[in-house]
Amino acid sequence: MIGRLHQRFRALRVTLWTLIVPPTGWAAHFLFSYLWAAVRCAKTGRYVDAPAIFWGGTAAALLVILASGWIAWVQARTPGDHPPHEAGTDSDRLRFLAYATLLLAGLSVIGVVFTALPVLFLRDCR
Amino acid sequence: MSLHAQDDPELRRAQEERLRTVWAPPKGWLRRWSDTNNNAVGPWYTSTAFVFMLFAGVLALIIRAQLAVPENDLVSANTFNQLFTLHGSAMMFLFAVPMFEAVSIILLPQLLGARDLPFPRLSAFGYWSFLIGGVFVLGSIFFNAAPDGGWFMYPPLTTRTDLSGLGADIWMLGLSFIEVSSVAAAVELIVGVLKCRPPGMRLNLMPLYAWYILVVAVMILFAFPPLIAGDLLFEMERLLGWPFFDAARGGDPLLWQHLFWIFGHPEVYVIFLPSIALFAMLIPTFAQRHLLGYPYIVLAAVGTAFLSFGLWVHHMFATGLPKISLAFFSAASQAVVIPTGIQIFAFIATLAAGRVIFSTPLLYATGSLAIFVIGGLTGVMVAIVPFDWQAHDTYFVVAHLHYVLIGGTLMPLFAGLYYYWPLVTGKQLSDRIGRTAFWILFVGANLAFFPMHLSGLMGMPRRVFTYPAELGLQGLNMASTIGAFLFAFGVLLIVIDLLRSPWRPLGPRNPWNAGTLEWLATPSGEQWGVRSIPLIETRYPIWDQPDFVRKVDEGRFFLPDAEEGRRESLITSVLDAKPVAVLRLPTPSFVPMATAAALGGVFILTTYHLYWLALAAAVLTLALVLAWLWQTAEIPEKPCKPIGHGIDLPLYVAGPLAPGWWAMFITMMADATAFSGLVFGYYFFWTVHPSFPPPGMTGPGVFWPMIALALMVLGWAATLAARETNRRGAVTAARLLLAAGALAGLAAIPAGLAGPWLSHLDPTLHSYPAIVWTLTGWTVAHAGVGVVGQLYALARSLAGLATPTHDADIRNVTLYQHFLLFTALVTWATLGLFPEVA
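Residue numbers (full-length UniProt numbering), protein chains in the order written: chain H, 1 to 126; chain V, 1 to 838.
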């Protein structure tokens, strides 16, 4: 089943827009975190012990980033021309964009985890 | 034309003659300033930014002279305020950002094997705007009227007209004008990188400089507009008394800090990344090998661009925001270290793996990396909230930012200067002077700025005009002053080196033996850019493609001729650079200069409260823009032309294939971002007030906002229908629809204004009516521009300049309407419906 899924992934189109899906996931999560904290603290003045909305949003962001990272990982292994994969061919262009997307997914996961950590440690709106 | 045809030297000579005639610069002492070719505008732009940098540097020397000894009275406190404000503002807005645009205007077409950027007149417009705005802002210091509120102009010090004079208006309006030219440059550079690459230069073969420029130009679209929105609110408060930042009337000074730093922090990366991009070009040359980790560099550029928008509050750690908010921004500030580090390691790895030629440019590059890393490390320190509370607004921060900017922007630009001077002038600079200057700069920078870490930690606040001897700071300050003058001496040596250049002989072509396209340029300097537009198969074509330079020079690639006597370049597809069309470029013209002068008039006259004259200048600007536009999207004399190698390309494209459509899209992205800044203002006020609208104040109601929304939806639908009926050949129906759309848009203006007007909202009373009026004004003004667009498309159709098959105008107008629809939905829902549900 995984094999068929990977074949599907390879058929997906790769563009500059797909390249920025992982960091956009980070950006959406960051904006969400900032607005969540700002509105919550300004409007209610108190914090909640188990911020379900926040963790739900974080899980969703990680899911999107990891999924795009997985797709990119599969695409970056598309068989084709010889290494070092920097020729002017369709497969090398695909591999490059996919690999860059994979790297961005890695950075974005770190970014989301970094952003989420304070919520683990801080417990009030001071 | 076949390959064999180019074997004929006679033919080649005739082609060169035609190209030379077509690309000949305008002659005469006056007409030469009408030039729009990037070979001319780029150097003007660069030299102007360089002169502004020297000016701002002199201001810094006066600052350092004043601080050399305790209780000095060289300048007054008031003059000192003007000096440091203008120094910071000029270095940021008149040097660092414009310099990157200027350098890109010179380099990018060469790097992409294009004859010019897609909108040469827009580059010229950007330059003239920059020149006028720059002279206006800098000149103010000679009239003791320079801005004096610090380069980030915090209210309420700067919004209260009794505390800040004309200088604040000069800063706001003068620099807003320059921000317009930055957005213009961003449009030019994005479309250039995406649509004007040579055939075969797929995204994975693009020079890294182009990647960086693409990323930075996109950053400008999202970073500058919030400041433009902030400027708008700021001037509404100063000129009309609308209390956005006045806490006594429901405003909040923190809103300005948010809007300023949403711009201000990404701006640091906007000026840092293009300088690092120069390294990505010169390091492979001097390592004599391909750059290692190409995708990692792209990761670094894109990753930094995104993360840089999550850092703005780290300038506001001391404002009393909840710790949880501060922690988010602290986390992002730590995360941005990762991509920044990755690119530096990629450069070091390339040098380690190559056979290094330790040339002058490389000396500057490595030296600046050392300085930058120190600034980066102190950056990690101030990204930690408790440390920042100790160091905030002290000289520690001054030391940090100067290490970052000297190591991350100024010294890399000097590296680029020594590297690319032969490309621009055909002559090399002196290695001896260059190396001497480097060591003086290196020692000077460290001597000037390292002691500031210590004076800051010992408690010296930034922006004080003097300090008492008892603090024990005189030794450190004297060291900083000596270092600053040493640094200035190094810069002076470079200036002397540059001034001696005209008397030096022409050097060889490609003197550094580089592998990238820009080095196709010949020392004698042909105006046509490239002799023929090459087919790219590798990242370093001069190194790796056999006989590459000869084939380009003999016109064996694409577009080797100018048969119709027109300036032409190629449009290619975004991902794989497949040839799409031939782009006909405009010729020299005074229209860009006149438009810049008229638009400058709007800003400058407003500064002096000459509103009627400013209005007249605005009308003149509109007229000039329409006259300028009227010459674009011309219908060619034939549908297609051959570009060589049996390929025929169309001479007219519309919609997403055309650069003009992309320019509209990108401009409207910037516009939408500015609008988001205003909407952010509305919801920001909503969060800080217990109830918003405040008790006892009614909003514009539901009725009129909904009527305005309905009319604007109608205008949008009519335009969309006009585009489709026109495409199907029903020209009359399309014209009627355009007229109907214009009527609907026109009617939306009074309907929109009726809401706040009929509910007697007085914008000077409270931030609520003020922000309601601002959003309303913004939206109806955009509806007005929409009407102008619809009437323009109608006029083009009536004049026979737009037809069912040549429909670029109506497509671009429709694109504008899509964005207008978004603006209308958000505004009228926020003003009419949100108070009902909140």
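Positions of the beta carbon are idealized from the N, C-alpha and C atoms, including for glycine. Quantities reported herein were computed from a predicted structural model and do not represent experimental measurements.
Out of curiosity, what's the CA-to-CA distance linking residue i and residue j?
{"i": "proline 23 of chain H", "j": "serine 108 of chain H", "result": "5 Å"}
{"i": "threonine 595 of chain V", "j": "arginine 32 of chain V", "result": "17 Å"}
{"i": "alanine 824 of chain V", "j": "isoleucine 190 of chain V", "result": "27 Å"}
{"i": "leucine 583 of chain V", "j": "asparagine 144 of chain V", "result": "49 Å"}
{"i": "serine 2 of chain V", "j": "valine 356 of chain V", "result": "Per-residue confidence for serine 2 of chain V stands at a pLDDT of 48, beneath the threshold of 50, marking its modelled position as unreliable; no derived number is given."}
{"i": "residue 839 of chain V", "j": "glycine 456 of chain V", "result": "What the structure shows of chain V is the stretch from 1 to 838, and residue 839 of chain V is not part of that stretch, so it cannot be assessed."}
{"i": "alanine 28 of chain H", "j": "threonine 340 of chain V", "result": "22 Å"}
{"i": "phenylalanine 109 of chain V", "j": "phenylalanine 245 of chain V", "result": "First, the residue type needs correcting, since residue 109 of chain V is proline and not phenylalanine in the sequence shown. So the two alpha carbons sit approximately 44 Å from each other."}
{"i": "leucine 227 of chain V", "j": "methionine 91 of chain V", "result": "17 Å"}
{"i": "isoleucine 643 of chain V", "j": "asparagine 812 of chain V", "result": "27 Å"}
{"i": "glycine 715 of chain V", "j": "threonine 394 of chain V", "result": "54 Å"}
{"i": "leucine 307 of chain V", "j": "methionine 316 of chain V", "result": "17 Å"}
{"i": "glycine 490 of chain V", "j": "proline 147 of chain V", "result": "29 Å"}
{"i": "residue 861 of chain V", "j": "tryptophan 261 of chain V", "result": "Since the displayed chain V opens at 1 and closes at 838, residue 861 of chain V lies outside it and no answer follows."}
{"i": "alanine 742 of chain V", "j": "glutamine 343 of chain V", "result": "51 Å"}
{"i": "asparagine 477 of chain V", "j": "isoleucine 371 of chain V", "result": "20 Å"}
{"i": "leucine 86 of chain V", "j": "methionine 664 of chain V", "result": "34 Å"}
With a threshold of 8 Å between beta-carbons, can residue i be considered close to chain V, or not?
{"i": "isoleucine 65 of chain H", "result": "no"}
{"i": "leucine 103 of chain H", "result": "yes"}
{"i": "aspartate 92 of chain H", "result": "yes"}
{"i": "leucine 122 of chain H", "result": "yes"}
{"i": "alanine 72 of chain H", "result": "no"}
{"i": "valine 39 of chain H", "result": "yes"}
{"i": "proline 83 of chain H", "result": "no"}
{"i": "alanine 52 of chain H", "result": "no"}
{"i": "leucine 62 of chain H", "result": "no"}
{"i": "leucine 107 of chain H", "result": "yes"}
{"i": "alanine 59 of chain H", "result": "no"}
On a CA-only basis, which of the options is nearest residue i? Give me that one, please.
{"i": "isoleucine 271 of chain V", "options": "V/Phe84, V/Met219, V/Leu362", "result": "V/Met219"}
{"i": "valine 591 of chain V", "options": "V/Gly354, V/Leu624, V/Val397", "result": "V/Leu624"}
{"i": "alanine 105 of chain H", "options": "H/His6, H/Arg4, H/Thr18", "result": "H/Thr18"}
{"i": "glutamate 526 of chain V", "options": "V/Gly375, V/Ile62, V/Ala14, V/Leu19", "result": "V/Leu19"}
{"i": "leucine 205 of chain V", "options": "V/Pro541, V/Thr830, V/Ala708", "result": "V/Pro541"}
{"i": "threonine 776 of chain V", "options": "V/Val193, V/Ala353, V/Trp389, V/Met706", "result": "V/Met706"}
{"i": "aspartate 553 of chain V", "options": "V/Arg432, V/Glu537, V/Ile533, V/Val337", "result": "V/Ile533"}
For residue i, decide whether its Cβ has a neighbour in chain H, counting only Cβ atoms nearer than 8 Å.
{"i": "glutamine 343 of chain V", "result": "no"}
{"i": "serine 767 of chain V", "result": "no"}
{"i": "leucine 307 of chain V", "result": "yes"}
{"i": "serine 2 of chain V", "result": "Low confidence applies here, because serine 2 of chain V scores a pLDDT of 48, under 50, leaving its location unreliable; read the following figure in that light. Serine 2 of chain V does not count as touching chain H."}
{"i": "valine 495 of chain V", "result": "no"}
{"i": "asparagine 72 of chain V", "result": "no"}
{"i": "arginine 197 of chain V", "result": "no"}
{"i": "glycine 113 of chain V", "result": "no"}
{"i": "leucine 203 of chain V", "result": "yes"}
{"i": "glycine 310 of chain V", "result": "yes"}
{"i": "glycine 655 of chain V", "result": "no"}
{"i": "glycine 200 of chain V", "result": "yes"}
Span of the alpha helix (DSSP H) holding residue i?
{"i": "valine 41 of chain V", "result": "38-67"}
{"i": "arginine 774 of chain V", "result": "The question names arginine, but residue 774 of chain V is threonine in the sequence shown. Here the alpha helix (DSSP H) through threonine 774 of chain V covers 767-798."}
{"i": "serine 129 of chain V", "result": "120-139"}
{"i": "proline 98 of chain V", "result": "97-111"}
Identify the continuous beta strand (DSSP E) that holds residue i and give its terminal residues.
{"i": "proline 650 of chain V", "result": "647-650"}
{"i": "isoleucine 643 of chain V", "result": "640-644"}
{"i": "leucine 8 of chain H", "result": "Position check: residue 8 of chain H holds arginine in this sequence, whereas leucine was assumed. Here arginine 8 of chain H belongs to no beta strand (DSSP E); instead the alpha helix (DSSP H) covers 2-11."}
{"i": "valine 193 of chain V", "result": "Run containing valine 193 of chain V: none in the beta strand (DSSP E); it sits in the alpha helix (DSSP H), 166-195."}
Item to complete: Would you list, in chain order, the members of the stretch 279-304 of chain V that have their beta-carbon closer than 8 Å to a beta-carbon of chain H?
Response: His290, Tyr294, Pro295, Tyr296, Val298, Leu299, Val302, Gly303
Discussion item. Short of 8 Å Cβ to Cβ, which residues in the stretch 8-32 of chain H face chain V?
Written reply: Thr15, Leu16, Leu19, Ile20, Pro23, Thr24, Trp26, Ala27, Phe30
Practice prompt. Determine which residues of the stretch 530-544 of chain V have a Cβ less than 8 Å from any Cβ of chain H, and write them out in chain order.
Written response: Ile536, Glu537, Thr538, Arg539
Worksheet item: Given a limit of 8 Å on CB to CB distance, which residues of the stretch 229-249 of chain V reach chain H?
Response: none
Discussion item. Using a Cβ-Cβ cutoff of 9 Å, what residues of the stretch 557-575 of chain V are near chain H? List them in chain order.
Written reply: Val574, Leu575
Practice prompt. Anything in the stretch 315-340 of chain V with a Cβ closer than 7 Å to a Cβ of chain H? List those residues in chain order, please.
Written response: Pro322, Lys323, Ile324, Ser325, Ala327, Phe328, Ala331, Ala332, Gln334, Ala335, Ile338, Pro339
Discussion item. Along the stretch 667-687 of chain V, where does the CB come closer than 7 Å to a CB of chain H? Name the residues.
Written reply: Thr687
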